[in-house]
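In this note's numbering, the protein residues as written are 314 to 594. Beta carbons are placed, not taken as given, at the ideal position from N, Cα and C, and that holds for glycine.
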């Protein structure tokens with residue numbers, strides 16, 4: 314199930330359809346020492362519902378479609394297995410890999426842009442933030458190498474000071490085109506080492522970690538704490554499993570069925586602590 318966004322947010326496993334997710338906040342302050350006990354602050358316990366949705370992928374292939382009369386697939390896969398009515402192991406493995414890769418890629422898109430009113434989708438972060446309507450906005454518009462640094466400055470400035478000074482530092486999440494604009498801008502100012510340093514080069518702006526999310530819509534950015542963005546599922550291993558069923562002994566057909574089934578959902582903790590850039594928020 315691995316995708317770029319999940320590596321930068323909080324993943325909650327073993328969610329049973331709905332789970333109350335709590336986020337503990339305590340701005341610690343000191344008081345003069347005494348012999349008595351007098352509470353000097355408050356512990357805030359934010360509570361939201363993380364609901365996961367049952368999703369699935371179902372595919373079917375006919376072994377007869379691999380015959381020579383349908384092209385040269387027999388040259389690509391094991392011809393003997395096909396002629397014996399079996400699906401080549403190499404083809405099965407390739408189909409499973411394609412399904413799992415497609416599931417991860419589609420989830421990368423849904424985790425930002427999903428809309429639970431659509432079949433096969435759950436509410437993504439963009440949908441949730443827009444529905445909450447309380448996240449500070451730094452603006453919107455097209456991002457380019459000529460304005461990305463200035464607009465990143467506006468985004469950081471819009472982030473609440475309490476978030477920026479907390480022990481858990483926020484992360485800047487960028488769309489792919491925003492990150493590319495940032496690299497070009499750096500190259501233009503002579504920081505070519507930053508642009509061509511490769512995937513191991515730390516991604517930062519003003520000391521804040523940057524996380525590139527291909528599923529985030531173009532010209533969109535946000536800054537938030539990792540603990541404020543949640544993805545929930547039931548069993549993580551479900552995302553790495555595809556059931557394969559040869560139907561020959563069941564209905565005498567030459568069909569082979571593939572099925573993957575899993576759960577997914579997203580939620581945000583404190584929407585007022587997420588600063589955004591982009592028209593969809």
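Under the three-state DSSP convention, the category residue 486 falls into: strand
Backbone CA spacing between residue 491 and residue 454 [nearest angstrom]: 11 Å
Contacting residues, own chain, Cβ-Cβ under 7 Å from residue 457 (five flanking each side not counted): 494
I need the straight-line Cα distance from residue 536 to residue 364, nearest angstrom please. 24 Å
Rounded to whole angstroms, what is the Cα-Cα separation between residue 461 and residue 316? 25 Å
Comparing C-alpha positions only, which one of 322, 372, 366 and 362 sits nearest to residue 558? 372
Between the CA atoms of residue 476 and residue 586 - distance to the nearest angstrom: 7 Å
Measuring straight from C-alpha to C-alpha, what distance separates residue 448 and residue 413? 34 Å
In terms of DSSP beta bridges, what is residue 450 paired with? 589
Taking the CB atoms as reference points, tell me whether residue 583 and residue 439 lie closer together than 8 Å. no
Please list the terminal residues of the continuous alpha helix (DSSP H) segment that includes residue 463. 461 to 471
Can at least three beta-carbon pairs, one atom from the segment 516 to 530 and one from the segment 413 to 422, be found at a separation below 8 Å? yes
What residues in its chain sit with their C-beta under 8 Å from that of residue 481, if we drop five residues either side in the sequence? 538, 539 and 540
With C-beta atoms as the reference, is residue 408 less than 8 Å away from residue 469? no
Rounded straight-line distance, which links the Cα of residue 332 to that of residue 326: 10 Å
Any idea what DSSP makes of residue 559, helix, strand or coil? strand
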